[in-house]
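Protein chains in written order, with UniProt numbering: chain A, 1 to 404; chain B, 1 to 404; chain C, 1 to 404; chain D, 1 to 404.
All C-beta atoms, glycine included, are put in the ideal place defined by N, C-alpha and C.
All figures in this text were calculated on a predicted structure; none of them were measured in a lab.
To start, the structure under review is shown below, and the notes come after it.
Protein chains: 4
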Amino acid sequence: MTDDSDLTTGTAGGTGGVGVWFVGAKGSVATTALLGAHALRARLAGPTGMVTELPALEGAHLVGLDDLVTGGHDLSEVPYRKRAELLASQRVVPRELVDALGDALDAADAEVLVPATAATVGEGGQAAVVDALVRDLRDFVRRHDLARLVVVDVSSTQPPLDPSDETLAADLATPESVRSAWEAGRSPLPLSATYAWAAFEVGASFVAFTPSPGVDLPAVAEQGRRAGATWAGSDGKTGETLMKSVLAPMFVQRALHVDSWASFNLLGGGDGQTLADPEAVRSKTATKAAGLAAMVGRPVPGPLHIDNVPDFGDWKTAWDHIGFTGFLGTRMTLQFTWAGCDSALAAPLVLDLVRLVAAAAEAGRTGAVTELGFFFKNPSGSDEHALGEQWRALLGLAEELGRR
Amino acid sequence: MTDDSDLTTGTAGGTGGVGVWFVGAKGSVATTALLGAHALRARLAGPTGMVTELPALEGAHLVGLDDLVTGGHDLSEVPYRKRAELLASQRVVPRELVDALGDALDAADAEVLVPATAATVGEGGQAAVVDALVRDLRDFVRRHDLARLVVVDVSSTQPPLDPSDETLAADLATPESVRSAWEAGRSPLPLSATYAWAAFEVGASFVAFTPSPGVDLPAVAEQGRRAGATWAGSDGKTGETLMKSVLAPMFVQRALHVDSWASFNLLGGGDGQTLADPEAVRSKTATKAAGLAAMVGRPVPGPLHIDNVPDFGDWKTAWDHIGFTGFLGTRMTLQFTWAGCDSALAAPLVLDLVRLVAAAAEAGRTGAVTELGFFFKNPSGSDEHALGEQWRALLGLAEELGRR
Amino acid sequence: MTDDSDLTTGTAGGTGGVGVWFVGAKGSVATTALLGAHALRARLAGPTGMVTELPALEGAHLVGLDDLVTGGHDLSEVPYRKRAELLASQRVVPRELVDALGDALDAADAEVLVPATAATVGEGGQAAVVDALVRDLRDFVRRHDLARLVVVDVSSTQPPLDPSDETLAADLATPESVRSAWEAGRSPLPLSATYAWAAFEVGASFVAFTPSPGVDLPAVAEQGRRAGATWAGSDGKTGETLMKSVLAPMFVQRALHVDSWASFNLLGGGDGQTLADPEAVRSKTATKAAGLAAMVGRPVPGPLHIDNVPDFGDWKTAWDHIGFTGFLGTRMTLQFTWAGCDSALAAPLVLDLVRLVAAAAEAGRTGAVTELGFFFKNPSGSDEHALGEQWRALLGLAEELGRR
Amino acid sequence: MTDDSDLTTGTAGGTGGVGVWFVGAKGSVATTALLGAHALRARLAGPTGMVTELPALEGAHLVGLDDLVTGGHDLSEVPYRKRAELLASQRVVPRELVDALGDALDAADAEVLVPATAATVGEGGQAAVVDALVRDLRDFVRRHDLARLVVVDVSSTQPPLDPSDETLAADLATPESVRSAWEAGRSPLPLSATYAWAAFEVGASFVAFTPSPGVDLPAVAEQGRRAGATWAGSDGKTGETLMKSVLAPMFVQRALHVDSWASFNLLGGGDGQTLADPEAVRSKTATKAAGLAAMVGRPVPGPLHIDNVPDFGDWKTAWDHIGFTGFLGTRMTLQFTWAGCDSALAAPLVLDLVRLVAAAAEAGRTGAVTELGFFFKNPSGSDEHALGEQWRALLGLAEELGRR
Ligand SMILES: NC(=O)c1ccc[n+]([C@@H]2O[C@H](COP(=O)([O-])OP(=O)(O)OC[C@H]3O[C@@H](n4cnc5c(N)ncnc54)[C@H](O)[C@@H]3O)[C@@H](O)[C@H]2O)c1
Ligand SMILES: NC(=O)c1ccc[n+]([C@@H]2O[C@H](COP(=O)([O-])OP(=O)(O)OC[C@H]3O[C@@H](n4cnc5c(N)ncnc54)[C@H](O)[C@@H]3O)[C@@H](O)[C@H]2O)c1
Ligand SMILES: NC(=O)c1ccc[n+]([C@@H]2O[C@H](COP(=O)([O-])OP(=O)(O)OC[C@H]3O[C@@H](n4cnc5c(N)ncnc54)[C@H](O)[C@@H]3O)[C@@H](O)[C@H]2O)c1
Ligand SMILES: NC(=O)c1ccc[n+]([C@@H]2O[C@H](COP(=O)([O-])OP(=O)(O)OC[C@H]3O[C@@H](n4cnc5c(N)ncnc54)[C@H](O)[C@@H]3O)[C@@H](O)[C@H]2O)c1
Ligand code: NA
Ligand code: NA
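Here it is in structure tokens:
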């Protein structure tokens, strides 16, 4: 592939399969996804948890896991083997798998780069940071002669933008306003957006698995549209919100009035640490709350807490209490306790999304792939949050992709 | 209406609205439905809990609650006012409503009859019992000049048939074999079936809200088909099984492996007392278990208990514990506690079913209305248990009915 | 009783029984206590929930409920009947009781006064407010010729003092420093303390049922000691903390290591509204957290939330999740959901405390009655939080009182 | 030690420490106890879960874990290493410990014998079986020159005796009637009793950690008394019943009326399999139910189920739902979910009991050590089930033992 090759229009000509570039490559989710992909290839594990391996999606002709090539950015330089052993000690992945796949993990270390930052690029500012990211992506594509590239954001959640910052809003209005801001020495793009922007520059697809502000900002989405890029997001739906997306429609379809919905989340791990920051957690609580109101048709009273409890490690316990009213005003309650392993739930979905977004890009789809709302708390380009409807949309997409 | 009038073909010519005949008219469900219908008419309560009042079903042109006329059979002769006061003391219905609607309740007593039994009909046997039931229904239709009649079984749950009883199976094969058995002095029809049979004889529709063996027996269904009758069943889906019908599809669509599903039900009231009988409860546990296996695609290990705890009254608490496995073999759990008021959940659905079945009959539908599976644990004529799919089918029916 | 009569030394000479003066007399707890006392006298209800009616405390020779005379202060002038009807509509008390005891409720209105405030006393400042409270108490004692008086604080929770306010700390050091502050035009006493101070001025006993800063402030306690007064506090232990006081000792005695303890409280009502204020709630979370650390012997990680959910009314649902480690490092969990009616739990304890504190005062006990820690989240004068030990202490007190 | 040496009177003269003989030596509990004892000796694990390592019991002068010598009977001949690996795969014990202590596990295999049975002893009947067990115990004592021996029953739960079998009751009345029955060719002793009997014959102490009928049968207890033996039982209290023993006193002390208590237990493993047998489980449900009634002072309505769910392995999940009534008839609820690892909870208690019973025997205590009720669902020789009281009794015993 030469520099003017184009992943978007498929003219890159690469033959080396589909590249997966993890932003946050050493995180729990990325590490579990990497380990799992190797385990599946080596037939050491079955596809439980992978939606794209269900018979219902068989006809979609997705890329084989053997044809995925992984790399990524992370601030952390901890070796994969050590990261995976930590996950094993927290019961996220089986220790036996880590031992059996140690060589593959060691090999993967070479493809993870520390990203450029304002500090490392010197005078160049955010434009230079983005350029450096672009170079890293181009090199990866060239190195592996990739036919296609999907950048996946699974890095630490970033806080939402300050809605009262009018300069920022103006800077983020169009690609041009972003570039003008750069020239004026400002750095308008939030972190996740720099990665999306870089992905679009090389014609790659983008998956926003976090709630961080990024691909949905006007300037960034426009940049993606101009590049003919394909994307999906945002914020993987793996636990409490997944439950809401089947329970809220149930109450609605049964004409039961939801009086209050209280949501409590306990988790540890890296995600727990990040979300202990009152700023960062606001991105997450926002995506978690939005869907419920959309499904019920109005805001529903009740607290939503996310608390960091270090001894939980990568495990999340969510307790929800729903107060609802039925016929003649009778008040009833539903409670549930979800005790899930966040990375074990998220990692297979990340692999699913890579396969589906790559196929959608190949099928000529551009912009947000709205049929992938099934996977997200805050579906890009869609207001549908009910899992049943999202499932139907996904089946429709699979059928469309199968017609390639 | 003369004796050869025909409710089925709509030639009865009655103009007095739609009749609702409750089998088990003095039970909790029927009493709550009766009180609720009056409360809605009097604008003393809103339609919370009634599916047919949702905007999504608006176009179906269903009979107004003002045009329903109620009556029924019950062994109990307790006055409605007293029955309703008991329900109020158990927090099933508001005491204020009972006081405000006391006159309507008193008036309703006159339309509830003690049904004929083998003992009261003397020599005639089951054929005579059925004849007596038919007469009661005919009288009701004539008395109120009804255009249409729906018989609803909300009586105490009956045990399932003995599967090893070959004579019985032969007797229940066809309408003719039933009649031969009668002539030979046998009483092959289980209780609920006698009511369905009688309903079909007068061309009425039938709703099997209980799990009792009845309308699905070959002879009875054939009798219904010959009469051109319309029916729906069986066993109202109001709590734990409702939850299963949204949670099981969620696990399946997310490719998560359900290892075990344990179900515990605590309830009191009349239903609790009936189900304390190890025979009767088998009907209920069978309908509760069948759906889960159908949705998951295989039997799922785990106990299913229903226990009578008198101090619960008409309230049901269900606790379910689901063990499931995700990516790379990670085991996780979900628990829920449903604390619902059974009659408050069931009563509006009974009114919904009456309206929908009456409309389906009017629209010329005969046999089991499979699109009503949304309301049932064990949908007659259908294997679909997932609520999302059932909801779509219901919307389809509403649209079809709207085209009348 | 003349003005120089003395409740403390029993020379008041009154013969009219024991007076109960509720601060917050129209609140949920006080109203339920009042209704309940009348119901018990009228034999319309049994003593369920009253500890002092247990056989184990029989020998303590406590004042009969018939000999209690109630009055109080409240900002609200809503009639008791209306307040009680509201409680009935929220299922806190039975509607039938409210109807049956309506006359007694109406009569009780006359004994509830709006308290003096800085605004109503004009120039006099906090000293004048306290004087006015003292006058109200003296009048009540005289009006009913009381032998003894117990002032019970069940008013809205007040925020804790600002620990960085050094002037305030100095003002609250001794009774003298309080008076100097008054002379200097400051108002050092927090609200609850004005009531305690007034109580001590007339020689009455005091029960701090709230977590508000009051009787435990150095100046106030010293004022009480000089008056020879008797008191008990603080913050009634009625739900989640009650559970902690039996579960934490269980873990400790079984040598199980408590890793984390997460506590979530949902409640509505007046208390819920007050605690929705981030300042006021700090008093409550402080008393709730202190005991756990004391019992476990170190601070235990984990969030503690109290959320106002209006549709809960006077009902509180607490969900606690405890992570603990056993032999060889095995991690286990315990969860509980407590769904209690706060006022139904608190009201009988308030009556218990009145009887016990009155008897302790009569038996010559002065200062904090430490054996009453059984009733409190933050026991005055004691560090014992384990319910089992507190129960033994209570039995010891009962025995001591029986020797009068 | 010669054959007429006497463990009971301490004249055995052995110097090799205290022997622990596990009946059911290859079961989960015994294997975990063995592994744990080795781990503690090797300083590879701390004493979490061991009551006798608490500061409060320090003064009791108990035998060191280094001075315990283990052996036992089991029908299974699976090597310990394999058994422990299975436990590790079920997350009962850490895999690292099993690897580190593999040699000690291998060595332990030699001390586990397959017990004699009716089939292997030929004509001799139950008397010969008991003789063979006695020989095995004597050999063990001699081989290790033990100063003292404690036999611990941790074998599969046996069903209760048939209460209508009058011959059996007569046979089990006295040691003499047992021997007469043997002479008549009958086998009156249930399995657990044969081990207790054999233990008493050699003057050993006995711990009944299971609910199997054994040491509390009149003939067996009398045999123990005549031998001057020491024992404790029965049925280790490790989860749901432990919770009951703190919650029931809480309700009682707060004068709250327990209306119903529903108990559901899900477990797998060997214990789950055994208890899937409707006969065997009756022993367990009986000991579980008895304590609650004793603490509340009357039988409490509500179901108690124990269900075998194979995928749970050695983990037990208990869900309890308690309905209770407070002041003025207000109904409230408490639910808890206990997710515990049964063997991790039981194993340290087994070690505790060995140390305490050995010390009690040494201190000259004979018969049931009633102060050990703290450890049991069905305390031998005591009706006290409240954990708080049992804890005080245990502290009293520790003090008494410390005076040795
Ligand atoms: N696991 C789930 O169920 C789930 C669901 C939805 C969303 N998410 C989101 O996925 C993300 C990853 O979760 P996780 O559990 O793996 O978290 P984690 O903390 O384990 O991993 C995040 C990784 O991002 C890296 N990182 C931080 N800043 C970076 C930067 N500027 N550039 C590159 N890398 C950077 C960190 O070093 C870390 O390795 C989080 O944002 C989380 O909110 C997870
Ligand atoms: N409430 C729910 O959520 C729900 C859901 C599904 C099914 N059901 C079923 O609905 C039925 C009614 O429930 P319920 O709570 O009202 O019970 P209930 O016990 O209060 O009422 C049953 C009534 O049937 C009457 N009856 C008994 N035998 C009869 C006979 N031979 N002929 C006429 N009447 C007879 C009884 O006298 C009683 O009045 C039960 O079978 C129940 O299993 C209820
Ligand atoms: N119910 C429980 O289980 C429980 C347990 C522990 C503590 N408490 C505490 O008891 C108190 C009362 O609880 P509640 O549920 O009755 O609350 P509530 O809000 O119903 O009643 C509080 C009353 O205090 C009155 N009040 C406010 N300021 C006052 C003032 N300056 N002087 C006199 N009256 C004043 C209010 O008007 C109101 O009537 C709260 O502080 C609560 O935290 C309750
Ligand atoms: N783990 C707990 O929390 C707990 C609590 C109370 C009681 N218990 C009881 O402890 C016992 C052991 O529990 P476990 O989980 O180790 O069960 P398990 O099934 O793992 O072990 C029982 C062992 O007993 C052996 N056995 C069976 N019959 C025997 C016989 N006649 N002689 C000698 N050995 C025999 C079996 O082969 C097996 O190895 C059970 O009875 C259980 O009910 C356990
Ligand atoms: Na959207
Ligand atoms: Na204290």
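Any non-hydrogen atom of ligand 4 within 6 Å of residue i CB
i        : result
Asp136/D : no
His73/D  : yes
Val121/D : no
Gly268/A : no
Leu345/D : yes
Contact test: residue i Cβ vs ligand 3 heavy atom, cutoff 6 Å
i        : result
Phe209/C : yes
Asp216/C : no
Short Cβ contact (7 Å threshold) for residue i with residue j
i        : j        : result
Val150/D : Val357/D : yes
Met250/A : Ala386/A : no
Leu191/C : Gln223/C : no
Pro348/A : Gly49/A  : yes
Pro115/A : His144/A : no
Ala127/B : His38/B  : no
Thr174/B : Ala219/B : yes
Phe209/A : Gly236/A : yes
Any non-hydrogen atom of ligand 1 within 6 Å of residue i CB
i        : result
Leu353/A : no
Leu242/A : no
Thr238/A : yes
Gly27/A  : yes
Collapsed DSSP secondary structure at residue i in the structure displayed
i        : result
Gly36/A  : helix
Arg148/C : strand
Thr2/D   : Since pLDDT at Thr2/D reaches only 44, below the 50 mark, its modelled position is unreliable, and no value is offered.
Ser382/C : coil
Leu68/C  : strand
Gln90/D  : coil
Residue i - containing beta strand (DSSP E), residue span
i        : result
Gly19/D  : 18 to 23
Phe324/C : 315 to 325
Near ligand 2: residue i beta-carbon under 6 Å from a heavy atom
i        : result
Ser234/C : no
Q: Compile a chain-ordered list of the residues in the stretch 105 to 129 of chain A whose CB is closer than 9 Å to at least one CB of chain B.
A: Taken residue by residue, none of the stretch 105 to 129 of chain A has a beta-carbon sitting less than 9 Å from a beta-carbon on chain B.
Q: Please list the residues of the stretch 299 to 315 of chain B that have a C-beta atom closer than 9 Å to any C-beta atom in chain D, keeping them in chain order.
A: If the cut-off is 9 Å between Cβ atoms, the stretch 299 to 315 of chain B has Pro301, Gly302, Pro303, His305, Asp307, Asn308, Val309, Pro310, Asp311, Phe312 near chain D.
Q. Along the stretch 253 to 267 of chain D, what residues have a CB closer than 8 Å to any CB found in chain B?
A. Flagged, chain order: Asp259, Ser260, Ala262, Phe264, Leu266.
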